[in-house]
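J.: If you scroll down you'll find the structure; I have some questions about it.
Residue numbers (the numbering used here): 2 to 459.
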């Protein structure tokens, strides 16, 4: 039993081009706090979904890869399904309903220690009407004494309940055996039992992490880009708790967009679900090829925006800065925000800055070309002989106050990384001078440039 985020190599495609993912989708649904995320973590084999002992932690749909007995499928963790509540709870419930609508099978999780509730009965009625193969998962059966309690769920009209303990793993193997048996046949499966070998060697799909402070419009932007109400959007800061991703077909090719939780503080200052949300966001950033830093233009560039920009820059990912809610600003405010970006984010001089509105779509037509240009620049290699000529000319014009550079070579891409062999350490200001010379000469474009200095005797 294995699993990984669909963003690591799978994910549901969105857009006019590209075939849909052929693997069946399994939606895990139920009312809040019955153990859905714990079950998902048990099925995929590691802690991917955030779990905390209070309801409402899971809000967006999270898609993960899983397999059992050689059968691969995608499993969707959803938020708690409620039929009454505030607007945020209704949006979370709508996400669960959308997951069921696109599923091949459903795991309906109930709490054996509580018994059948009115919410359980309502969800069961909707699942019966949907006509999708559904297994009732009677969770929290941690010992034999609880086995008899599961039969109360038979009156939900969805067949015999399956007793499990998602926390301890009890009964999950039998559950997965039953789940695989109700999934549609695998692609290429023939009546004689032979399977065709799937085609391999598809080009890598670039991953773009959408990062920013809470409530700057990241999820609205994500939904706009993928053309689907995939992430919950609400005016309550911190609505997104986990990283959510989708493949999008664009004129420049497929791109994987990853919506992350808002980063409001350092990891050591966070706790509970907020801590794990921050960890997931940082992991998504480190795995991604590019990043979109979303800034609320109506608030200007804050100290938190600066810290996030420094974190993205340190990750070495090409970056595009989006000034969101641009349509809400007047001429004077726009000039002030533009000046603030120049002054406070000057260390990101290589990064394109786009003025957009995620709500209306203003300026977003420039995003895909900017991403493609940044990705191309980050993978560029320069000739070694020409690189050394540029370094020699730079040293002739301004001698290094530190070690003399003997030789240089580009050792890596993503981002372009130049290894300098020098007699001793090279000061950071001189490295910035060399970066400007190299960037101007080779026209590297919108990508960071990294240096490694190795000492070598003359």
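We treat Cβ as the ideally placed atom computed from N, Cα and C, and that holds for glycine.
For a quick check, are the C-beta atoms of residue 108 and residue 27 less than 8 Å apart?
T.: Yes; because the gap between Cβ atoms is below 8 Å, this pair is in contact.
J.: Around the C-beta of residue 1, are 16 or more other C-beta atoms found within 10 angstroms, so that it is buried, or is it exposed?
T.: Because the chain in this structure spans residues 2 to 459, residue 1 falls outside the shown range and cannot be described.
J.: Where DSSP assigns a beta bridge to residue 73, which residues make up the other side?
T.: Answer by DSSP bridge pairing, in chain order: 68.
J.: Quick check: the region 330 to 342 against the region 307 to 316, are at least 3 beta-carbon pairs closer than 8 Å?
T.: At 8 Å Cβ cutoff, the stretches do not touch.
J.: My parser needs the beta strand (DSSP E) runs of 3 or more residues fully inside the region 116 to 171; what are they?
T.: The qualifying runs are 135 to 140.
J.: Under 8 Å: do the region 29 to 47 and the region 165 to 177 share three or more Cβ pairs, one atom per stretch?
T.: In short, these stretches touch, since the Cβ pair count reaches three.
J.: Out of 72, 133, 340 and 39, state which residue places its alpha-carbon closest to the alpha-carbon of residue 110.
T.: If we check each option's Cα against that of residue 110, 39 comes out closest.
J.: Check for me: the beta strand (DSSP E) holding residue 174 runs from which residue to which?
T.: No beta strand (DSSP E) holds residue 174; the alpha helix (DSSP H) holding it covers 173 to 183.
J.: Look up residue 297 in the DSSP assignment and give the residues it is bridged to.
T.: Answer by DSSP bridge pairing, in chain order: 325.
J.: Does the beta-carbon distance from residue 286 to residue 210 come in below 8 Å?
T.: It is a contact, given that the beta carbons lie within the stated cut-off.
J.: Under 7 Å from any heavy atom of the ligand SAM, does the C-beta of residue 344 make it?
T.: Only the bare structure without any ligand can be found here, which leaves the ligand SAM out of the picture.
J.: Please list the terminal residues of the continuous alpha helix (DSSP H) segment that includes residue 318.
T.: That residue, residue 318, is in no alpha helix (DSSP H); it is neither H nor E in DSSP.
J.: Which residue's Cα is closest to the Cα of residue 112: 143, 127, 377 and 385?
T.: Looking at the Cα atoms, 143 is the closest of the given residues.
J.: Run the CB neighbour count on residue 255, radius 10 Å, all protein chains shown included, and call it buried at 16 or more, exposed below.
T.: So residue 255 counts as buried.
J.: Terminal residues of the continuous beta strand (DSSP E) containing residue 408?
T.: Where residue 408 is concerned, the enclosing beta strand (DSSP E) stretches over 406 to 413.
J.: From this set, 76, 74, 374 and 124, which residue's C-alpha is nearest residue 33's C-alpha?
T.: Nearest option by C-alpha distance: 124.
J.: Can you tell which of 373, 403 and 183 has its C-alpha closest to the C-alpha of residue 72?
T.: Nearest option by C-alpha distance: 183.
J.: Under 8 Å, with one C-beta from each stretch per pair, do the region 349 to 360 and the region 440 to 450 reach the 3-pair mark?
T.: With a cut-off of 8 Å, the region 440 to 450 and the region 349 to 360 count as touching, because enough Cβ pairs lie within range.
J.: Using the three-state DSSP reduction, which class does residue 208 fall into: helix, strand or coil?
T.: Strand.
J.: CB residue 434 to CB residue 395, shorter than 8 Å?
T.: Yes; because the gap between Cβ atoms is below 8 Å, this pair is in contact.
J.: Between the beta-carbon of residue 359 and the beta-carbon of residue 222, is there less than 8 Å?
T.: Yes, they are a contact pair.
J.: Please name the residue, chosen from 228, 213 and 347, that lies closest to residue 292 on a Cα-to-Cα basis.
T.: When each option's Cα is compared against that of residue 292, the closest is 213.
J.: Report all residues from its chain with a CB closer than 7 Å to the CB of residue 374; omit the five preceding and five following residues, and keep chain order.
T.: Only 446 and 447 meet the Cβ criterion.
J.: Tell me the residue span of the beta strand (DSSP E) that contains residue 359.
T.: Where residue 359 is concerned, there is no enclosing beta strand (DSSP E), given that its DSSP letter is neither H nor E.
J.: Is the CB-CB distance between residue 402 and residue 428 below 8 Å?
T.: Yes, they are a contact pair.
J.: For residue 339, which of helix, strand or coil comes out of DSSP?
T.: It is helical.
J.: Using only alpha-carbon positions, find the residue among 145, 150 and 132 that is nearest to residue 117.
T.: The shortest C-alpha separation from residue 117 is found at 150.
J.: Excluding five sequence neighbours on each side, which residues of the same chain lie with their C-beta closer than 7 Å to the C-beta of residue 399?
T.: Cβ neighbours of residue 399 beyond the five flanking positions: 434.
J.: Determine the direct distance from the alpha carbon of residue 161 to that of residue 75, and round the result to whole angstroms.
T.: Straight-line Cα distance between these residues: approximately 24 Å.
J.: Buried or exposed: residue 24, going by 16 or more other Cβ atoms within 10 Å of its Cβ?
T.: Buried is the call here.
J.: Bridge partners for residue 439 per DSSP, in chain order?
T.: Its beta-bridge partners do not exist; DSSP assigns none.
J.: Out of 37, 208, 219 and 154, which one is the CA nearest neighbour of residue 250?
T.: Answer by Cα proximity: 208.
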